[in-house]
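Encoded as structure tokens, the structure appears first; notes follow it.
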Amino acid sequence: MGINSKKVELVSDDSCPECGSAHLYRDDHRAELVCDDCGLVVNESEIDTGPEWRAYTAEDNKRMARTGAPLSQRSHDLGLSTVISYASRDFHGNPIPAKQRDRYNRMRMLHRQSNLLRPGQRSLVQALTVLDRMASVLGIPPRIRDEAALITRKALKKGMVRGRSIEGVVAASLYAACRMNNVPRTLEEMSKVSEVDRKKLRKAYSAISRQIKLRVPLVKPEDYVSRFCSKLDLGPDVEAETHRILNELDDSMGTSSFAPSGTVAAAIYVASVRCGEKKPQRLIAEVAGVSEVTIRNRFQFLNERLKLKFPNKRRASAS
DNA sequence: AATGGGCGATATTCGAA
DNA sequence: TTCGAATATCGCCCATT
């Protein structure tokens, strides 16, 4: 059966709202309208796209499942590829002679380099590989990886690697995707795992968000709290206290010109002291990617805005 | 599209408590 | 460890070219 029976019908009377491309396909099996250029699912219906059968046991599942992995933005061909495996035994379990293995190796190479990849796709493959590596280092969930992959696709399509490194574009995409899901990473964090310096990363990011319309919300200090706290081995009580402080704060006013990471660092510091789990500013600064001085400045700021009262300056020992 | 100044936020360093 | 001052640097905004 044709493994590539996905594209069923070219729909001409509409264009993709995301990239304006007219290459829309109706996918009858999944009842979706899919943009062939950016992969956007335009019109997802309410029809259940899961298997029509039910599996009551794991064995049933194995026996009845007949479809492959789901389409993924993270594969350059959306997961619809043919791969020549590296197996050293043939279909019947007999060893493959070395001479034939050599032939297969050569076939595999040619296959990879010629058949599968249109010229523009090589960089995409490379980009997606890099993306996956960076995402797993940062522990970023698959949902967001897919979103980052989609952004990367669009960026490549617009030829935005010209004058930039692929790593930079990928890192910027990942950065954007994280922000769009309200689980932002610091630019420092991104640049640490991507070997791209902050400056280039920032530029790449702003270029991407300019050219591709991205709905990127502002980073709120709250978004960092849970991640930073867990990095600092701070308990849920500190986390809650931090949130309390931050809520109190943005009710009043004007944190907007400060870096959110600095504000959250100061709030965490205060909260850790209040809860008797005091951490040195040094550590908090490191985790939050700001300097100690910034923490102190934001701390002053907090002091002025909301009269912080301390439970008698307890000099509790840190951890 | 580059360039440069102004300006506020932040970084770095250092000494005192 | 924390605090604060002095100094340097960064990044954004705006105007100019």
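Residue numbers (our numbering): 9 to 327. Where a beta carbon is used, it is the ideal one built from N, C-alpha and C, also for glycine. Being a predicted model, the structure only gives us computed values, none of them experimental.
Asked, Found
"Continuous alpha helix (DSSP H) stretch holding M168: start and end", "No alpha helix (DSSP H) holds M168; DSSP gives it neither H nor E."
"Length of the line joining the Cα atoms of R304 and G243", "22 Å"
"Reduced DSSP secondary structure (H/G/I, E/B, other) of P103", "strand"
"Alpha carbon of E215 to alpha carbon of E312, nearest angstrom", "Here residue 215 is Ala; the residue named in the question, Glu, does not match the sequence. Distance between the alpha carbons of A215 and E312: 38 Å."
"CA-to-CA distance, R172 to Y213, given in whole angstroms", "11 Å"
"Classification of Q289 by the beta-carbon crowding that lies within 10 angstroms, buried from 16 upward", "buried"
"Cutoff 6 Å; reference V178; Cβ partners in own chain excluding five residues on either side", "A135, V138, L139 and T160"
"Stretch-stretch touch, CB-based, cutoff 8 Å, three pairs: the segment 245 to 260 with the segment 191 to 206", "no"
"Limits of the unbroken alpha helix (DSSP H) element including F309", "E300 to R313"
"Residue range of the unbroken alpha helix (DSSP H) whose run includes F266", "Premise fails: F266 is in no alpha helix (DSSP H) and is neither H nor E."
"CB of A163 within 7 Å of CB of L222, strictly", "no"
"Spatial distance of E52 from Q219 (CA atoms)", "Confidence at E52 is low in this model, with a pLDDT of 41, below 50, so the placement of that residue is unreliable and no value is reported for it."
"Straight-line gap, N102 to D110 (C-alpha atoms, nearest Å)", "16 Å"
"Where I148 falls: helix, strand or coil (DSSP)", "coil"
"Opening and closing residue of the alpha helix (DSSP H) in which C283 lies", "From DSSP, C283 is part of no alpha helix (DSSP H); its letter is neither H nor E."
"D205 in three-state terms, based on DSSP", "coil"
"Backbone secondary structure at D154 - three-state DSSP", "helix"
"With 16 other Cβ atoms within 10 Å as the buried cut-off, status of P117", "According to the sequence as given, residue 117 is Met; it is not Pro. Classification of M117: exposed, given that the 10 Å Cβ count is below 16."
"Exposure label - V145; buried when at least 16 CB within 10 Å", "exposed"
"Enclosing alpha helix (DSSP H) for D241 [first to last residue]", "That residue, D241, is in no alpha helix (DSSP H); it is neither H nor E in DSSP."
"For G1, the first and last residue of its enclosing alpha helix (DSSP H)", "Nothing about residue 1 can be reported from this structure: the residues present for the chain run from 9 to 327 only."
"Spatially closest choice to R235 from R282, I104, K107 and I148, by CA coordinates", "I148"
"Buried or exposed by the 16-neighbour rule on C-beta atoms within 10 Å, applied to M142", "buried"
"Separation of V133 from A275, as counted between CA atoms", "42 Å"
"Distance between I253 and D245 (C-alpha atoms, nearest Å)", "12 Å"
"Length of the line joining the Cα atoms of L182 and F266", "23 Å"
"7 Å Cβ cutoff met for V233 and M188", "no"
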